[in-house]
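Residue numbers (this note's numbering), protein chains in the order written: chain S, 1 to 270; chain X, 1001 to 1312.
Here a beta-carbon is modelled for each residue, glycine too, at the ideal position from N, C-alpha and C.
One structure below.
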């Protein structure tokens, strides 16, 4: 019954998602905009700022870590080493896609139902709170994750078109795959869970978005930590990070159920 | 044992008492109206009985389930029409029903949805988005949603509020149909005529239960039955004769109209008419004074105000 109820929520949420032009555009176009924008930054950095950046002590440290992690890059010229360093950040930049989609969609998921009154009718059905919240989370996280994977493909395609195809093998490391297929799903679920928590606690979607924004900062920090050479995410570190996020997902679901107060929702949203 | 049993059911919101010590029994197949002014606790009562909010005192059993335990099981056997239809405007009528049906143990969702869309007269519009429906159609669709899993008890929170007379009439017709099919209905309304038209018994609440009975019994409780005799012309002698009759408690003369209170309205009426005719009174009509439920309700509310003032 639980699986049936969750898949029922998924079908309904997807029905609503793809009949709303704003949400549909957000899910389909935003990932390409994120990838395109960062590739443009990297191209500009590579084309015009390469030598200046190579002289920076911050990038020197990061390059040393890169060469330790990917010894094959040692044979490359310094400018291409910088490019490999930048392209390796993409595993974390891709994490921004589900986060941004979550902020755009998940934050409305409960607030909208409160405002239209459908939530009270829903609360009178046998659906359990955790089924409802997990259903709403997965309904957003699954398309966001699929679009992140499509974006990863788009990224590789653009890299190839820019003539950097020979560097792809230095980007597609075990760490990249762990990030894409374990860390990204975990982060996608966490983002949507936070969005849903925000949506169930906030009085409007803006308040919910503020709560969901919490997750953006750790991801930006991840990029910063790696690009400045503080920590290089080896496959083991990426795996550990992914497992930590999976544990946080479970805690977040429990917290979401605890924070979802049926009574206040019914009483305050008439 | 009734299908709904409450005992001392109460709900406080911080310092405010919304429902106080509500004790009542609703029998299976009964339609009960819950009347009361705004803020009287009608919606809170329905929400407690539907397991949406918890009581802060007392207890209640609905269709064999305690309202504060295993709410999921309770929700399988109740249906609820909330104050607002609460539909998904971008989904079709069919998808709206399929979604809600998906939470209940229904084997063939499609045929169940078809049955209720047809019952509510919405089958032809099944693929139209709910957002394009009129208020009345939305309310019918919401009613279909509440009924689709064939609940033992149906809670209706102001089902005709905000509807035009035609749409309200359609919804009332559907409620009548549910009643005929033996569904127990607990209906909150401001519309006294609707309550009298649809319900077996009427509960009047103002935080606490003020009265619970049939409309007729409530009338008798608050108003004595009066016989109205319309004479051809005013005649003070007839009034005097009537006052002398041993079974007459009070008689008032208002022109050619006599308003008479009898000890037993049914049994004494023929004797009364005979006495008037024997006194050469020319009787045009004999009828009974009709008191509306509104008069009963207003008297109850006035009494409550007086009691409240005295208590303070």
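With three or more C-beta pairs closer than 8 angstroms as the rule, is the region 1035-1049 of chain X touching the region 1153-1161 of chain X? yes
Contacts that residue 1175 of chain X makes with chain S (C-beta to C-beta distance below 7 angstroms): By Cβ distance, chain S contributes nothing, its closest Cβ being about 18 angstroms from residue 1175 of chain X, past 7 angstroms.
Backbone secondary structure at residue 1060 of chain X - three-state DSSP: strand
Once you ignore the five residues that flank residue 219 of chain S on each side, which residues in its own chain have a CB closer than 8 angstroms to its CB? 92, 95, 96, 99 and 187
Using beta carbons (cut-off 9 angstroms, strictly below), is residue 22 of chain S in contact with chain X? no
Cβ of residue 1073 of chain X within 9 angstroms of any chain S Cβ: yes
Cβ of residue 270 of chain S less than 9 angstroms from any chain X Cβ? Reliability fails at residue 270 of chain S, whose pLDDT of 46 lies under 50, so the model's placement of it is uncertain and no value is given.
So which residues on chain S does residue 1105 of chain X lean against when the C-beta distance must stay under 8 angstroms? 1
For the alpha helix (DSSP H) containing residue 1308 of chain X, name the first residue and the last one. 1293-1311
Terminal residues of the continuous beta strand (DSSP E) containing residue 1111 of chain X? Element bounds for residue 1111 of chain X: not the beta strand (DSSP E) but the alpha helix (DSSP H), 1109-1119.
When you compare the region 1100-1110 of chain X with the region 1119-1135 of chain X, are there three or more beta-carbon pairs, one atom per stretch, that lie closer than 8 angstroms? no
Classify residue 89 of chain S: buried if its beta carbon has 16 or more other beta carbons within 10 angstroms, exposed otherwise. buried
What would DSSP say about residue 1252 of chain X, mapped onto helix, strand or coil? strand
Cα-Cα separation, residue 270 of chain S to residue 147 of chain S: With a pLDDT of 46 at residue 270 of chain S, under the threshold of 50, the predicted position of this residue should be treated as unreliable, and no value is reported.
Of the listed residues X:1273, X:1239 and X:1096, nearest to residue 15 of chain S (C-alpha basis): X:1096
Within 9 angstroms of chain X by C-beta, residues of the region 113-128 of chain S in sequence order: 113, 116, 117, 118, 119, 120, 121, 122, 123, 124, 125, 126, 127 and 128
Close-in-space but distant-in-sequence residues of the same chain around residue 211 of chain S (CB under 6 angstroms, 5 per side omitted): 198
Would you kindly check if the distance between the Cβ of residue 195 of chain S and the Cβ of residue 103 of chain S is under 9 angstroms? yes
Nearest-angstrom Cα distance between residue 21 of chain S and residue 114 of chain S? 21 angstroms
So residue 15 of chain S contacts chain X; which residues on that side make the cut at Cβ distance below 7 angstroms? 1091 and 1095
For residue 212 of chain S, name the three-state secondary structure that DSSP assigns. helix
Using only alpha-carbon positions, find the residue among X:1252, X:1038 and X:1049 that is nearest to residue 1228 of chain X. X:1252
For the beta strand (DSSP E) that residue 1020 of chain X lies in, which residues bound it at each end? 1016-1026
Exposed or buried, what is residue 1233 of chain X when buried is set at 16 or more other beta-carbons lying within 10 Å of its beta-carbon? exposed
Got a sec, what are the start and stop residues for the alpha helix (DSSP H) residue 1004 of chain X sits in? No alpha helix (DSSP H) contains residue 1004 of chain X, which is instead part of the beta strand (DSSP E) from 1004-1013.
Among the candidates S:214, S:246, S:110 and S:44, whose CA atom is the shortest distance from the CA of residue 260 of chain S? S:110
Could you spell out the range, first to last residue, of the alpha helix (DSSP H) harbouring residue 200 of chain S? 184-201
Taking the alpha carbon of residue 133 of chain S as the reference point, which residue from S:189, S:38 and S:46 has its own alpha carbon closest? S:189
Would you verify that the beta carbon of residue 169 of chain S is, or is not, closer than 9 angstroms to some beta carbon of chain X? no
Pairs of beta-carbons, one from the region 1248-1264 of chain X and one from the region 1162-1170 of chain X, closer than 8 angstroms: are there three or more? no
With distance defined between alpha-carbon atoms, name the residue in X:1280, X:1239, X:1310 and X:1223 nearest to residue 1295 of chain X. X:1223
By DSSP's criteria, residue 1211 of chain X is part of a beta bridge. Which residues make up the other side? X:1204
Leaving out the 5 sequence neighbours to the left and right, which residues in its chain are closer than 7 angstroms to residue 72 of chain S when beta-carbon positions are compared? 170
Do the CB positions of residue 1142 of chain X and residue 1116 of chain X come within less than 9 angstroms of each other? no
Is residue 1106 of chain X helix, strand or coil when you go by DSSP? coil
So with Cβ pairs under 9 angstroms, would you call residue 1037 of chain X a contact of chain S? no
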